Amino acid sequence: MASVELSKVANSDTHGEDSPYFAGWKAYDEDPFDEVHNPCGVIQMGLAENQVSFDMVEEYLEKHSKTINCGSGISNFRENALFQDYHGLYSFRKSMAKFMEKIRGGRAKFNPDRIVITAGATAANELLTFILADPGDALLVPTPYYPGFDRDLRWRTGVKIIPIHCNSSNNFQVTPQALESAYEEAKSNKIKVRGILITNPSNPLGATIQRSNLEGILDFAVRKNIHLISDEIYSGSAFCSSEFVSIAEVLESRNGVDSERVHIVYSLSKDLGLPGFRVGTIYSYNDNVVTTARRMSSFTLISSQTQQLLASMLSNEEFTTNYIKTNRDRLRKRYEKNIDGLKSSGIECLQGNAGKNRRFHPLNERTFLGLMASKIQQLQSKACQASQFLSKHGTTYYKQLLEQNKQYIVEPPTVEKCNELSKQLLYTRLASIPGRYESFWKEVDSVKHLWRNRKELKVEDAGIAALFGLECFAWYCAGEIVGRGFTFTGYYV
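Be aware that the sequence shown starts at 132, since it is given in the numbering used here, and climbs by one per residue.
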């Protein structure tokens, strides 16, 4: 009997869970590191979870136990249990607006009536994508970007991501040339660009966008008559409020001109360390976007009990003032300790000014490769495990290459050959890379050129292409691809 069909969305491969990012999550879930019981396990270093100031939240809740229970008595229970306004409790939206202003040092004002409550920033970004773009349209996103965007922005909406390629020469700042290049790429492929999505401070770089660059990005959006989404979920994690410039500040300096195309995403997952509460917001200067977002927010509601708890916490001036200052100080100290540790090992990295305890920073490639060469013997046991992991996933990737290009390839290679190539990745290629760094990237470019031209390909060519694909996968996990401003997804497509 034939299986019952599902929708195109259910069968779509844009869910993103086949990406290296989610593969890493799965590997961690299946084999988590434990210093005593599983020292060879996987260490989770891809999760931006702020626990550095969790003690302050716990202390507040202990002192305000009534806040936890949202009061007492039958009337209060009834108030929480019955339907609430889909717009969100006004007391919560008001306290959220004040908190957002305080994070920005009072340099920007937020109207509670323009705040739309969502179940986290993930829901906020997807909801905005639904509102601003149609299936087949695109958003421009600077690289490197949060890998979850491939799922959040694309899967259910049918919208595409066109990368704005940035590089380390200017600390990955978005340039006018990069913006124009991405826009023209979409135009040449007959893809309509509906907006730009920036993350400020950046995930994964941990750096803020300079004011002049924000001005340039907004000017570009105005010239092209497209929207600008500013994801500012790390705004309270900048080490000093003056180091972070919100797009809201830029708009206020322009007296609100061009504001109708700007939308801000924020949440309490990072700055307040409450990802489990699923609290996000959309702040839009566009009346139609606010109205539509409120209509659609019924699919992403937050419980009234959560709203009441947080409304009380965020409206406490003493708590929020002390929390923001202490949290920033602790983050800075963690950052400085990590940077000093890297430097003492001869590793240079991008200098950030915002971030979490476990934030990666792109490394200087030559230094990193040299360090790997000196440590290669210590990595043999882990290399074996990684080889098995890559062998498994490499087979799938290899099959995809063959299926997409089967008319150009003769004598399809065996699984055994693919597995052998995967093992060579770690045992042969990595060991020799420090002395072949430049030639490595030249070979990558030649393989890309080979696939683009789609001329007669032999089985050996397919094997080389698969090997390079796996190699990029490994470097992506090591942070090297991110450091060069590349993204793995679509790199060889």
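Just so it is clear, CB atoms sit at the ideal spot from N, CA and C, and this is done for glycine as well. As the structure is a computational prediction, the values presented were derived from the model and not from experiment.
*For P243, which of A269, E315, Y314, R224 has the nearest alpha-carbon?*
R224
*For E136, three-class secondary structure by DSSP*: coil
*Between Y397 and M187, which are expected to be in contact by the criterion C-beta below 8 Å, what is the C-beta distance as a whole number of angstroms?*
Not really, about 20 Å apart at Cβ, beyond 8 Å.
*Can you give the beta carbon distance from E363 to S377, rounded, assuming they're within the 8 Å contact cut?*
6 Å
*Under 8 Å, do F303 and L336 count as touching if we go by C-beta distance?*
yes
*Would you kindly work out how many angstroms separate the C-alpha atoms of N386 and R282, rounded to a whole number?*
36 Å
_I'd like to confirm the pairing. Which residues does DSSP put opposite N169 in its beta bridges?_
D165
*Looking at C-beta atoms only, is the number of pairs between the region 256-276 and the region 315-330 that lie closer than 8 Å three or more?*
yes
*In this structure, what does DSSP give as the bridge partners for D402?*
According to DSSP, which records beta bridges pairwise, D402 is partnered with nothing at all.
_Here's the rule I'm using: 16 or more other beta-carbon atoms within 10 Å means buried, otherwise exposed. How should Q182 be labelled?_
exposed
*Local Cβ density within 10 Å of Q509, reported as buried at 16 or more and exposed below that*: Annotation note: pLDDT 38 at Q509 (below 50); position unreliable, no value reported.
*Enumerated in chain order, which unbroken segments of the beta strand (DSSP E) with a length of 3 residues or greater are wholly contained in the region 266-328?*
269-273, 291-295
_Counting beta carbon pairs with one atom in the region 433-448 and one in the region 283-294, are three or more of them shorter than 8 Å?_
no
*Residues bridged to G411 [DSSP beta-bridge criterion]*: T249, S398
*Please determine, among L403, I234, R342, the residue with the shortest C-alpha to C-alpha distance to V381.*
R342
*Residue range of the alpha helix (DSSP H) that includes D418*: 418-427
*For F491, which of helix, strand or coil comes out of DSSP?*
Note that F491 scores a pLDDT of 38, beneath 50, so its modelled location is shaky and nothing firm can be said.
*Would you please state the rounded distance, in angstroms, between the beta carbons of D402 and I248? I believe it to be under 8 Å.*
D402 to I248, Cβ: 16 Å. No contact.
_Does I295 pass the burial test, meaning 16 or more other C-beta atoms within 10 Å, or should it be called exposed?_
buried
*Do you know how far the Cα of N256 is from the Cα of K355?*
21 Å
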